[in-house]
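Worksheet for the structure shown next.
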Amino acid sequence: MSFSSAVKNELCRITTSDRFCMLAELAAVVRINGLVKVINENEINLRITTENSALARRVFSLIKELYGVNTEIIIRRSPKLKKNIVYILILTSSKGLKKILDDMNIVCSNEDRKEVKYLPCKILSKDREYQKAYLRGAYLAAGSMSDPEKTYHLEIITQKKDLAKELSGLINDFKLNSKIIKRKCNYVVYLKEGESIVDFLNIIGAHAALLELENVRILKEVRNNVNRIVNCETANLQKTVDASIRQVKNITYIKENLGFDKLPENLREIAILRLKYSDFSLKELGEMLTPALGKSGVNHRLRKLDKIADKIRHEKGEIENG
């Protein structure tokens, strides 16, 4: 099961006895997922289509609880490639659909083009808990999430621009940062930041999914930190190796073209040690000197040897003067 489906299944197990919370959740499903069609002056029908059996049962139960109506359910195979089972819930005027649509601020007119208007949802202005329930319904209706192991992305899709704006505004009222983009004929309300998605899951009541996402975020952060440390240490190690190779090369050049006997005692001492212990760190080399010398002191002497080697090369015409 995908993470996105797991979130929906968790949401479908949430129970509430508050009539307005139930209405707000159902309103979101109908407004975002429902297809309202005006047949004539006396006939309107509503279709809600989903591949999620838990959501189909929940919508059926909400309508039954709120309006005492048994919704017709048709089960079909999807015509798409995967051939998933599709659940189609159907309500008609004969089953009190007009009352349901009125409660959700959906207005139908059979004049002219038989227009269906989605007015601002009044229930959203009543209480914070109703707003949370509406967002829960919106995610159930048309939401999805990417696998958090790969990336952070949560989106809710609607064909109606006004509903997308209403939804994005509601999400942002909770101090989140949702955005809207148009994708083909749809409007997509989305969140991309991991922290915002965690907060959204908390708002809609998906607490188990929230904890799982937080665990993934923590593990990813630990892995990223470890990788940064390893990369940093690898880079530093490479610098140390490169410096050691350069130092050995220069000291060998001095030995062959000048001789150690021409070097001051302090440089001769460190030159002999570096040749003998080419894999030792500056700290280890310093500890072998008498008296012991710190890393910066050892590095200073080795740099002097580098300059002596370069000076000999210049004098021999092996490199041009810079």
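Per UniProt numbering, the sequence shown starts with residue 1, numbered consecutively. From the three backbone atoms N, C-alpha and C, an ideal C-beta is built for every residue, glycine too.
Where residue 144 is concerned, there is no enclosing alpha helix (DSSP H), although the beta strand (DSSP E) around it starts and stops at 143-145. Classified as exposed, residue 1 has fewer than 16 neighbouring CB atoms from the shown chains inside 10 Å of its CB. Non-local beta-carbon contacts of residue 168 in its own chain, meaning distances under 6 Å to residues more than five positions away in sequence, involve 178, 180 and 189 in chain order. According to the DSSP secondary-structure assignment, residue 12 is paired through a beta bridge with no residue. Beta-bridge partners assigned by DSSP to residue 40: 43.
When DSSP states are grouped into helix, strand and coil, residue 139 belongs to the helix group.
With a beta-carbon spacing of about 18 Å, residue 134 and residue 197 fall beyond the 8 Å limit used to define contacts.
Around the beta carbon of residue 139, 16 or more other beta carbons sit within 10 angstroms, so the residue counts as buried. Look at the region 152-234 and you find these whole runs of beta strand (DSSP E), each 3 residues long or longer: 154-158, 179-183 and 186-191. The C-beta separation of residue 72 from residue 90 comes to about 4 Å, placing the pair in contact by the 8 Å criterion.
No Cβ-Cβ contact shorter than 9 Å links residue 301 with residue 253.
From the listed residues 246, 292 and 172, the smallest Cα separation to residue 310 is found for 246. In the same chain as residue 115, and ignoring 5 residues on each side of it, the C-beta atoms closer than 6 Å to its own belong to 109, in chain order.
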